[in-house]
Amino acid sequence: MRANEQIRDRTGDVTAGADPRAAGRAARRDAAVRAAVEQGFLDTDAPLVGLLDVTGIRESAADLRAAFEAVTAPGTPVLHAFAVKASPLVPVLRLLRQEGIGAEVASPGELALARAAGVEPGRTVLDSPAKTPAELREALRLGIAVNADNPQELERIDALVAGTDVRSPLGIRVNPQVGGGSIEALSTATATSKFGVALRDEGAREWVVQAYLDRPWLTRLHAHTGSQGIALTMMARGVAETYELAEEINRRAGRRQVDTLDIGGGLPVNFASEETGPTYAEYARLLKETVPGLFDGRYGLVTEFGRSLLAKHGTVVTRVEYAKSAGGRPVAVTHAGVQVATRTVYAPQSWPLRIAAYDAKGLPKEGPAVVQDVAGPACFAGDLLAQGQELPLLEQGDFAAALDTGAYYFAHHYAYNSLPRPAVLGYAQSPSGGITFATVRPAQPIEEIVTESGAAHTESLTGLA
Ligand SMILES: Cc1ncc(COP(=O)(O)O)c(C=O)c1O
Numbered sequence: 004m005r006a007n008e009q010i011r012d013r014t015g016d017v018t019a020g021a022d023p024r025a026a027g028r029a030a031r032r033d034a035a036v037r038a039a040v041e042q043g044f045l046d047t048d049a050p051l052v053g054l055l056d057v058t059g060i061r062e063s064a065a066d067l068r069a070a071f072e073a074v075t076a077p078g079t080p081v082l083h084a085f086a087v088k089a090s091p092l093v094p095v096l097r098l099l100r101q102e103g104i105g106a107e108v109a110s111p112g113e114l115a116l117a118r119a120a121g122v123e124p125g126r127t128v129l130d131s132p133a134k135t136p137a138e139l140r141e142a143l144r145l146g147i148a149v150n151a152d153n154p155q156e157l158e159r160i161d162a163l164v165a166g167t168d169v170r171s172p173l174g175i176r177v178n179p180q181v182g183g184g185s186i187e188a189l190s191t192a193t194a195t196s197k198f199g200v201a202l203r204d205e206g207a208r209e210w211v212v213q214a215y216l217d218r219p220w221l222t223r224l225h226a227h228t229g230s231q232g233i234a235l236t237m238m239a240r241g242v243a244e245t246y247e248l249a250e251e252i253n254r255r256a257g258r259r260q261v262d263t264l265d266i267g268g269g270l271p272v273n274f275a276s277e278e279t280g281p282t283y284a285e286y287a288r289l290l291k292e293t294v295p296g297l298f299d300g301r302y303g304l305v306t307e308f309g310r311s312l313l314a315k316h317g318t319v320v321t322r323v324e325y326a327k328s329a330g331g332r333p334v335a336v337t338h339a340g341v342q343v344a345t346r347t348v349y350a351p352q353s354w355p356l357r358i359a360a361y362d363a364k365g366l367p368k369e370g371p372a373v374v375q376d377v378a379g380p381a382c383f384a385g386d387l388l389a390q391g392q393e394l395p396l397l398e399q400g401d402f403a404a405a406l407d408t409g410a411y412y413f414a415h416h417y418a419y420n421s422l423p424r425p426a427v428l429g430y431a432q433s434p435s436g437g438i439t440f441a442t443v444r445p446a447q448p449i450e451e452i453v454t455e456s457g458a459a460h461t462e463s464l465t466g467l468a
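What the sequence shown shows, in the working numbering, is residues 4 to 468, in sequence order.
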């Protein structure tokens, strides 16, 4: 299929075909599902797996780099720090590192993952809203960039930097309070958001400016206003307000004290069809139009994209254990539910997923579209991967694939019903079409669940009183 031909995606949508990468991505995914069945990675004993498209991840990383290279002045330092929360898997962080992408971490665990992947401290940013003194001390010892979330955290940093040579680039996170999007839980820039210093609150802007004037070592300014469900124009407004604040600080300091703006991540992902959109290039162009001064070479840039780098490149594939009918509606009972698709199960309106149907050999399933539910294995009625979705009828032994699940899905296990974490495999396709798999993470053995659940302390309660 040529790039600009129409693409019929696996859910039957016909999309415009403007995304030159979409057809290749869908074809690789189909080949990977078939190969996973043929090679025994998916069968009766292994009914659930997460698949990651290595080529697709590399393409998105290249698109991100190119988008910002196209709008920044030559020589501008730009650090793209992947938001580790979107895919906390060491081999993924290593792959991204090879693609020139650093890490944004928000907990000691995420920092440990980035370090295990070899991401250099100078390419790591710590952003969490609840950093302990020990975490701050460790970050400063390593030379990792830190964005202070609030005045109390800044006081802790004051104590740590007193009398020492600060290697870490340090900044403050602000909330420009530009508003929310269609998913409240992900709206970071509302008036009452828990993140950063709320810039429009009385006295807050002046407090921020004075904080910089009092601390010559504060050289960065951070805001993360976007996320799924937020309009690009609102994200750009958040960046514009942050830039204006940096300009004000620098004017009042009489020097270029703030030398780097960290504009966060948040590019939304299109879950409705195969197409990527909005693209990094569109966002970078909009930013340049809205905030031209940010790109004239006076400021370095940090970005923190997560979902947009990984979502399109991950697929949850699960075997249909049973096919039944209830109240006239077919229900495919599978092994993928709340443990791998927590957000979709608990908030299906905000996080609908496209499901693709494959037959028992892993071939795309043909047939008339039938309205059906795709259910997970957990013991509550709402454990549905998809409700009332139209696809070829899933039968026992078929496979259902939840598409666009590479970010914030199968790597974020939810331990309900003690269901094990599924294996995650990366795949790449050779020019002759063959698929090679690599282990990203093995499936969790049941013994590990027993150990994690206190097996070493079996008698601890019976012996207490
Ligand atoms: C501070 C920060 N940066 C970056 C991100 C990544 O956002 P996204 O995955 O939407 O790009 C998040 C997400 O919560 C965040 O809180």
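Think of the CB as a built atom: it goes at the ideal place given N, C-alpha and C, for glycine as much as any other residue.
Here the structure is a predicted model, which is why all the values come from computation and not from measurement.
query = Is residue 423 helix, strand or coil by DSSP?
reply = Coil, per DSSP.
query = Near residue 159, which residues of its chain fall below 7 Å by C-beta distance, leaving aside the five closest residues on each side in sequence?
reply = Annotation for residue 159: 136, 139 place their beta carbon closer than 7 Å to its own, counting only its chain and skipping 5 residues before and after.
query = How is residue 103 classed by DSSP in three states: helix, strand or coil?
reply = Residue 103: coil per DSSP, three-state reduction.
ask   = Say the cut is 6 Å; is the CB of residue 307 nearer than that to a heavy atom of ligand 1?
value = Of the heavy atoms belonging to ligand 1, at least one sits nearer than 6 Å to the Cβ of residue 307.
query = If you follow the beta strand (DSSP E) that residue 376 is part of, which residue opens it and which one closes it?
reply = For residue 376, the enclosing beta strand (DSSP E) begins and ends at 372–378.
message = Can you look up residue 38 in the DSSP assignment and give me helix, strand or coil?
response = In the three-state reduction of the DSSP assignment, residue 38 falls in the helix class.
key: Check: residue 262 C-beta below 6 Å from any heavy atom of ligand 3   = With respect to ligand 3, the structure shown offers nothing to examine, as its ligands consist of ligand 1.
key: Residues near residue 425 in its chain [Cβ-Cβ closer than 7 Å; skip 5 each side]   = Within the same chain, residue 425 has close Cβ partners 51, 52, 53, 343, 413, 446.
key: Inter-residue spacing [alpha-carbon to alpha-carbon] between residue 104 and residue 333   = Straight-line measurement puts the Cα of residue 333 at about 44 Å from the Cα of residue 104.
message = I want to check one thing, is the minimum distance from the CB of residue 63 to the heavy atoms of ligand 1 below 6 Å?
response = Checking the Cβ of residue 63 against ligand 1 gives no.
ask   = How would you label residue 13, buried or exposed, when you count the other beta carbons within 10 angstroms and need 16 or more for buried?
value = Note on residue 13: pLDDT 40, under 50, position unreliable in the model; the coordinate value appears next. By the neighbour-count rule (16 or more Cβ atoms within 10 Å), residue 13 is buried.
message = Given this structure, state the Cα-to-Cα distance separating residue 305 from residue 263, to the nearest angstrom.
response = Going from the Cα of residue 305 to the Cα of residue 263 covers about 7 Å.
key: Boundaries (first-last residue) of the beta strand (DSSP E) holding residue 357   = Looking at the DSSP string, residue 357 is not in any beta strand (DSSP E), and its letter there is neither H nor E.
inquiry  = When you compare the CB positions of residue 55 and residue 437, do they come within less than 7 Å of one another, or not?
reply    = At least 7 Å separates the beta-carbon of residue 55 from that of residue 437.
ask   = Whose C-alpha, out of 204, 210, 114, is nearest the C-alpha of residue 85?
value = The shortest CA-to-CA distance from residue 85 to any of 204, 210, 114 is the one to 114.
key: Proximity test, residue 223 beta-carbon vs ligand 1 heavy atom, cut-off 6 Å   = The closest heavy atom of ligand 1 lies 6 Å or more from the beta carbon of residue 223.
query = Tell me, which residues are paired with residue 329 by DSSP?
reply = Answer is 332.
task = State the CB to CB distance for the pair residue 379 and residue 410, rounded to an integer number of angstroms; the pair is presumed to be in contact (CB under 8 Å).
result = Rounded, the Cβ-Cβ distance is 19 Å, inconsistent with contact.
query = residue 439 bridges to which residues according to DSSP?
reply = According to DSSP, residue 439 bridges with 431.
key: For residue 85, three-class secondary structure by DSSP   = Of the three classes helix, strand and coil, the one that applies to residue 85 here is strand, per DSSP.
ask   = Across which residues does DSSP place residue 56 in a beta bridge pair?
value = BP columns for residue 56 point to 430.
inquiry  = Strictly by DSSP, which residues pair up with residue 403?
reply    = For residue 403, which the question treats as bridged, DSSP gives the partners 321, 360.
query = Do residue 310 and residue 272 have their C-beta atoms closer together than 7 Å?
reply = In this structure, residue 310 sits near residue 272, with a CB-CB distance shorter than 7 Å.
request  = Check each candidate in 460, 93, 180 and name the one with the smallest Cα separation from residue 233.
outcome  = Nearest C-alpha to residue 233 among 460, 93, 180: 180.
message = Following a CB-centred definition, is residue 310 positioned closer than 6 Å to any heavy atom of ligand 1?
response = It does: the Cβ of residue 310 is within 6 Å (strictly closer) of some heavy atom of ligand 1.
task = Confirm, please, whether the CB-CB distance from residue 216 to residue 208 is below 7 Å.
result = In this structure, residue 216 does not lie closer than 7 Å to residue 208 by Cβ.
Residue nearest to residue 249 in terms of C-alpha spacing, selected from 167, 235, 303 = Measuring from the Cα of residue 249, the nearest candidate turns out to be 303.
request  = Please check the pair residue 87 and residue 129, which I expect to be a contact at CB under 8 Å, by giving their CB distance rounded to whole angstroms.
outcome  = Residue 87 to residue 129, Cβ: 11 Å. No contact.
task = Kindly indicate which three-state DSSP category residue 225 falls into: helix, strand or coil?
result = In this structure, residue 225 counts as strand in the three-state DSSP scheme.
message = Based on DSSP bridge pairs, tell me the residues matched to residue 175.
response = DSSP lists 151, 224 as partners of residue 175.
request  = Would you kindly work out how many angstroms separate the C-alpha atoms of residue 376 and residue 152, rounded to a whole number?
outcome  = Approximately 43 Å, taken between the alpha carbons.
ask   = What are the boundary residues of the beta strand (DSSP E) that residue 447 is part of?
value = Segment: none, residue 447 is in no beta strand (DSSP E) and carries neither H nor E.
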